[in-house]
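Undergrad:
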Amino acid sequence: MMLAEFIQLYPRFALAFSGGIDSTYLLAAALELGAKVQPYFVKSEFQTEKEMKLAHHMATDLGVELKILKLSALADPRLAANSPERCYLCKSMIFTAIRQAAAKDGWTVVVDGSNASDRPSDRPGMKALSEQEILSPLRQAGLTKEQITEKARQLGLANWNLPANSCLAARILTGQEITAEKLRQIEQAEQFLTELGITGARVRLNERKALIQINDRDFPLLLAAKADILEQLSPFCDQIALDLQPRDGG
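Just so we're aligned: the sequence shown equals residues 6 to 255 in the working numbering.
1) Give the C-beta separation of residue 2 and residue 100 to the nearest angstrom, bearing in mind that I take them to be a contact with Cβ-Cβ under 8 Å.
2) When the Cα atoms are used, what is the spatial distance from residue 42 to residue 20?
3) Which two residues bound the contiguous beta strand (DSSP E) that contains residue 210?
4) Under 8 Å Cβ to Cβ from residue 77, same chain only, skipping five residues before and after it: list those, please.
5) Taking only the alpha-carbon atoms, compute the straight-line gap between residue 169 and residue 195 and give it to the nearest angstrom.
6) Could you name the residues of the same chain whose beta carbon sits closer than 6 Å to that of residue 247, not counting the 5 residues immediately before and after it, in chain order?
7) Quick one: what does DSSP say residue 241 is sitting in, helix, strand or coil?
8) Could you name the residues of the same chain whose beta carbon sits closer than 6 Å to that of residue 174, not counting the 5 residues immediately before and after it, in chain order?
9) In whole angstroms, what is the alpha-carbon distance linking residue 161 and residue 167?
10) Return the CA-CA distance between residue 80 and residue 10, expressed in angstroms with no decimal places.
11) Using a Cβ-Cβ cut-off of 9 Å, state whether residue 65 counts as contacting chain C.
12) Let me confirm a value: residue 23 is counted as buried when at least 16 other C-beta atoms fall within 10 Å, else exposed. Which label applies?
13) Should the segment 26 to 33 be regarded as contacting the segment 150 to 160, the criterion being three or more beta carbon pairs within less than 8 Å?
14) Can you give me the C-alpha to C-alpha distance between residue 109 and residue 102, rounded to a whole angstrom?
15) Might you give, ordered along the chain, the residues of its own chain that have their beta carbon closer than 7 Å to the beta carbon of residue 187, omitting 5 neighbours on each side?
16) If you measure between the beta carbons of residue 235 and residue 245, is that distance less than 9 Å?
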């Protein structure tokens, strides 16, 4: 099914919006095709302030009001426990909140930005999509991540080359408790690296051990700022390591 055909079938829908390439392209393309779309962004402890601001900026750029739903993921002990089911449980929480808010606002169809490159075996959260009857028009149209990135570039979307991202909870080793303090430390550490000019850095925690993952091109920047990085991270880390494999993905 082509995206235009999807819009003909569903000319009015709510969108689970992250501000990333996929959901932004879907919003832009749907609006261009004449659809009426209401984007929703869910902000819990697992999303950064930077992500929320980016989502708001991208929606505003496209002339649409973004509705922000604030939830506490850590209020659910199953999520705080960080089990292998965390991603599914989190997505279920997110899509339930969007589904309920959309229904209250008069939107019956809810979609997300999953694409044809997303494999169910790698995405536990896709089970939640099915359970909540969330449609994935990009996936149904057979559009891959590579194709979406190119289409986003052609449309001139500001985030077309944004690195892949994952929630803050994904930085904590599965099985280790997620706390607000750990999430705050990770967010601050990654923001510090960004301010050094290191884009898309990840700081992963395993108890009091931190593993820094960066893109290949940023290794010289990180090594030049080694002393500053150690000073920034040492209050909550006894061991700080650098992953010599260049970062790939979320």
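Glycine is no exception: its CB is placed at the ideal position from the N, C-alpha and C atoms.
Quantities reported herein were computed from a predicted structural model and do not represent experimental measurements.
TA: Answer, in terms of the structure:
1) There is simply no residue 2 to check, as the chain begins at 6 and stops at 255 in what is shown.
2) Here the question's residue 42 lines up with position 37 in the sequence shown. Here the question's residue 20 lines up with position 15 in the sequence shown. For residue 42 and residue 20, the distance between alpha carbons rounds to 7 Å.
3) For the purposes of this step, residue 210 is identified with residue 205 of the sequence shown, where counting begins at 1. Unbroken beta strand (DSSP E) run through residue 210: 207 to 211.
4) Within the sequence shown, numbered from 1, the residue matching residue 77 stands at position 72. Result list for residue 77: 49 and 50, in chain order.
5) Counting from one through the sequence shown, the residue named residue 169 turns up at place 164. Counting from one through the sequence shown, the residue named residue 195 turns up at place 190. Going by the C-alpha atoms only, they are around 15 Å apart.
6) Here residue 247 corresponds to residue number 242 of the sequence shown, with the count starting at 1. Counting only Cβ-Cβ distances below 6 Å, and skipping sequence neighbours, we find 217.
7) Counting from 1 along the sequence shown, the entry for residue 241 is found at position 236. It is coil, neither helix nor strand.
8) Locating residue 174 in the sequence shown gives position 169, counting from the first residue. Counting only Cβ-Cβ distances below 6 Å, and skipping sequence neighbours, we find 51 and 183.
9) Translated into positions along the sequence shown, residue 161 becomes position 156. Translated into positions along the sequence shown, residue 167 becomes position 162. Taking the straight line from one Cα to the other gives about 13 Å.
10) Indexing the sequence shown from 1 puts residue 80 at position 75. Indexing the sequence shown from 1 puts residue 10 at position 5. Rounded to whole angstroms, residue 80 to residue 10 spans 41 Å at the Cα level.
11) Looking at the structure shown, chain C is missing, and only one protein chain is on hand.
12) To locate residue 23, count along the sequence shown from 1; it is residue 18. Flag for residue 23 reads buried.
13) yes
14) Taking the first residue of the sequence shown as 1, we reach residue 109 at position 104. Taking the first residue of the sequence shown as 1, we reach residue 102 at position 97. If you take the alpha carbons of residue 109 and residue 102, they lie about 11 Å apart.
15) Translated into positions along the sequence shown, residue 187 becomes position 182. Closer than 7 Å at the Cβ level, and outside the excluded window around residue 187, lie 177 and 210.
16) What you label residue 235 is simply residue 230 of the sequence shown in a count that begins at 1. What you label residue 245 is simply residue 240 of the sequence shown in a count that begins at 1. Contact: yes.
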